[in-house]
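Visitor: I have a structure I would like to understand better, so I am pasting it below and will then ask my questions one at a time.
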């Protein structure tokens, strides 16, 4: 059945090129937006959904979440059954530089100087795979999927587009467009390392720890390889947010602060990864298979409280390092960890935190109070074993 009859208003297809009447809108010195109407049934011919995934080399590709089938079905039913369906919001498409804008010959200057009329030339081909298409859907994949599958002949929609050959720019725009929507935080965190351009401050401050997390999760030398749960690694046992909090704490006030760079220098991510790999290798060696690599329900070492408190302990060990090097190596970290090993209750037993309130190992929760108590106990015990008094107002807390 046909819900929209004015097919003369739709884009014409001239051979292998769509000619789309469009407005070019100048935003800033180096940004051009294009707005146009097109039959939603035609969008899959020039724009793909760039799903987030990793290749065999663990490189990140794409940026979209999977289709939400219930949402797609609801939109489809609305388009098919409503007497006068309306989808007023424009989808957002990122084009590569194969797409061109040809200004109109009309030289009238009645309108504002930041707008001009013309035609957007978009190549199409039936032989292309998804990755070959010149456009990627940044926002609106559910609506596009619903219109694609709907039993209607045509359904014109509005599109806002920009042209860039930079995949990092695609990801940045995807993050910005979706940052106020219920987009999974894990997906945003996984996209941040490969994003470019200006980002909101709350995302910008997480870009460095997210980059370090990615290296820890996918480099072969890392003891945490494939252990951190992310959208492309859903079987990981450590929650990405717990690891990010540990990294943020150390980058802000701990041993990783030394490598964060300054206004004139870039962060030394390689050294950060080396320090973290040495520390977590030592953790694996000292606490062994009983606590390492298990789900948080079976080992509180892999739990948020364990990950974050151990990060503070890493900073404390580095703070008292007397080996002459800038930071301890694996052996140095292991020596420090062994001084507190017998007091830890990651998989069984009861914590004696010195406050007269014993805590069973699996009663420890991922709450600020429990994290503070475990952290304070571990760091205080470590300092006591070093013959030093722990200042509870120390920068580590």
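Residue numbers (the numbering used here): 15 to 411.
Note that the Cβ used here is the ideal one computed from N, Cα and C, for glycine as well.
The model shown is predicted, which means the values in this text are computed figures rather than measured ones.
Would you give the residue range spanned by the beta strand (DSSP E) that residue 130 belongs to?
Guide: Counted from its first residue, the chain shown places residue 130 at position 116. From DSSP, the beta strand (DSSP E) with residue 130 extends over 129–137.
Visitor: In angstroms with no decimal places, state the Cα-to-Cα distance between residue 144 and residue 319.
Guide: Along the chain shown, one-based indexing puts residue 144 at 130. Along the chain shown, one-based indexing puts residue 319 at 305. Taking the straight line from one Cα to the other gives about 43 Å.
Visitor: From what residue to what residue does the alpha helix (DSSP H) around residue 320 run?
Guide: Position 306 of the chain shown holds residue 320. Its alpha helix (DSSP H) spans residues 318–333.
Visitor: Any idea what DSSP makes of residue 153, helix, strand or coil?
Guide: Counting from one through the chain shown, the residue named residue 153 turns up at place 139. In the structure shown, residue 153 sits in a strand (DSSP, three-state: E or B).
Visitor: What's the gap between the Cα of residue 117 and the Cα of residue 93?
Guide: For this step, residue 117 is matched to residue 103 along the chain shown. For this step, residue 93 is matched to residue 79 along the chain shown. If you take the alpha carbons of residue 117 and residue 93, they lie about 34 Å apart.
Visitor: Can you give me the C-alpha to C-alpha distance between residue 297 and residue 373, rounded to a whole angstrom?
Guide: Within the chain shown, numbered from 1, the residue matching residue 297 stands at position 283. Within the chain shown, numbered from 1, the residue matching residue 373 stands at position 359. Answer to the nearest angstrom: the Cα atoms are 22 Å apart.
Visitor: Can you find the residues in the same chain that come closer than 7 Å, C-beta to C-beta, to residue 308, ignoring five residues on each side of it along the sequence?
Guide: Start at 1 with the first residue of the chain shown, and residue 308 comes out as number 294. For residue 308, where only same-chain residues beyond five positions count, the Cβ hits under 7 Å are 251 and 316.
Visitor: Is it a yes or a no for the segment 229–241 touching the segment 356–366, going by three-plus beta-carbon pairs under 8 Å?
Guide: no
Visitor: Can you give me the Cβ contacts of residue 130 inside the same chain, cut-off strictly under 6 Å, excluding the 5 residues immediately before and after it?
Guide: Taking the chain shown and counting its residues from 1, the one referred to as residue 130 is at position 116. So the list reads 38 and 117, once near-sequence residues are dropped.
Visitor: Roughly how many angstroms lie between the CA atoms of residue 431 and residue 350, to the nearest whole one?
Guide: In this structure the chain extends from 15 to 411, so residue 431 is not present and cannot be described.
Visitor: Please name the residue or residues paired with residue 172 in a DSSP beta bridge.
Guide: Translated into positions along the chain shown, residue 172 becomes position 158. Beta-bridge pairing links residue 172 to 51.
Visitor: How about residue 431 and residue 148: do their beta carbons lie closer than 8 Å?
Guide: The question about residue 431 has no answer here: the residues shown for the chain are numbered 15 through 411.
Visitor: Which residues mark the beginning and the end of the beta strand (DSSP E) in which residue 38 is found?
Guide: Translated into positions along the chain shown, residue 38 becomes position 24. Start and end: 31–40.
Visitor: So for residue 117, helix, strand or coil by DSSP?
Guide: Working through the chain shown from its first residue, we reach residue 117 at position 103. Strand at residue 117.
Visitor: From residue 33 to residue 218, what distance separates their C-alpha atoms?
Guide: One-based indexing of the chain shown puts residue 33 at position 19. One-based indexing of the chain shown puts residue 218 at position 204. One C-alpha to the other measures close to 38 Å.
Visitor: On the DSSP letters alone, give me the boundaries of the alpha helix (DSSP H) that residue 388 sits inside.
Guide: What you label residue 388 is simply residue 374 of the chain shown in a count that begins at 1. Counted as a single uninterrupted DSSP element, the alpha helix (DSSP H) harbouring residue 388 occupies residues 382–399.
Visitor: Relative to the C-alpha of residue 267, which candidate in 303, 328, 227 and 229 has its C-alpha closest?
Guide: Walking along the chain shown from the start, residue 267 turns up at place 253. If we check each option's Cα against that of residue 267, 328 comes out closest.
Visitor: How far does the alpha helix (DSSP H) with residue 305 in it reach, from first residue to last?
Guide: In the chain shown, counting from the first residue as 1, residue 305 sits at position 291. Per DSSP, the unbroken alpha helix (DSSP H) holding residue 305 starts and ends at 283–305.
Visitor: When DSSP labels each residue in this structure, what does residue 226 get in the three-state scheme?
Guide: The residue given as residue 226 occupies position 212 in the chain shown. If DSSP states are grouped into helix, strand and coil, residue 226 belongs with the helices.
Visitor: Output the distance between the C-alpha atoms of residue 395 and residue 285, rounded to the nearest integer angstrom.
Guide: On the chain shown, residue 395 is found 381 positions in, with the first residue counted as 1. On the chain shown, residue 285 is found 271 positions in, with the first residue counted as 1. The alpha-carbon atoms of residue 395 and residue 285 are separated by roughly 28 Å.
Visitor: Could you name the residues of the same chain whose beta carbon sits closer than 8 Å to that of residue 397, not counting the 5 residues immediately before and after it, in chain order?
Guide: Along the chain shown, read from residue 1 onward, the residue named residue 397 stands at position 383. Taken in chain order, the residues that qualify are 330, 334, 403 and 404.
Visitor: If you draw a straight line from the C-alpha of residue 62 to the C-alpha of residue 42, how long is it?
Guide: Along the chain shown, read from residue 1 onward, the residue named residue 62 stands at position 48. Along the chain shown, read from residue 1 onward, the residue named residue 42 stands at position 28. Whole-angstrom Cα-Cα distance: 27 Å.
Visitor: Quick check on residue 77: buried or exposed, where buried means 16 or more other Cβ atoms within 10 Å of its Cβ?
Guide: In the chain shown, residue 77 corresponds to position 63, counting from 1. Low confidence applies here, because residue 77 scores a pLDDT of 42, under 50, leaving its location unreliable; read the following figure in that light. The residue is buried, with at least 16 neighbouring Cβ atoms inside 10 Å.
Visitor: Which class does residue 244 belong to by DSSP, given the choice of helix, strand or coil?
Guide: Along the chain shown, read from residue 1 onward, the residue named residue 244 stands at position 230. Three-state result, residue 244: strand.
Visitor: Using a Cβ-Cβ cutoff of less than 6 Å, which residues in the same chain neighbour residue 86 once the five nearest sequence positions on both sides are dropped?
Guide: Translated into positions along the chain shown, residue 86 becomes position 72. Counting only Cβ-Cβ distances below 6 Å, and skipping sequence neighbours, we find 156, 159 and 160.
Visitor: Between the Cα of residue 368 and the Cα atoms of 270, 353, 389 and 348, which residue gives the shortest distance?
Guide: For the purposes of this step, residue 368 is taken as the residue at position 354 of the chain shown. Among 270, 353, 389 and 348, the Cα nearest to that of residue 368 belongs to 389.
Visitor: May I ask you to list the residues that DSSP assigns as paired with residue 142?
Guide: Residue 142 sits at position 128 when you count from the first residue of the chain shown. Answer is none; residue 142 lacks a bridge partner.
Visitor: How many angstroms separate the CA atom of residue 109 from the CA atom of residue 51?
Guide: Position 95 of the chain shown holds residue 109. Position 37 of the chain shown holds residue 51. So the alpha carbons of these two residues sit roughly 15 Å apart.
Visitor: Going by other Cβ atoms of all chains shown within 10 Å of its Cβ, with 16 needed for buried, is residue 56 buried or exposed?
Guide: Along the chain shown, read from residue 1 onward, the residue named residue 56 stands at position 42. The residue is buried, with at least 16 neighbouring Cβ atoms inside 10 Å.
Visitor: By DSSP's criteria, residue 249 is part of a beta bridge. Which residues make up the other side?
Guide: Working through the chain shown from its first residue, we reach residue 249 at position 235. DSSP, once it has assigned bridges, lists no residue as partnering residue 249.
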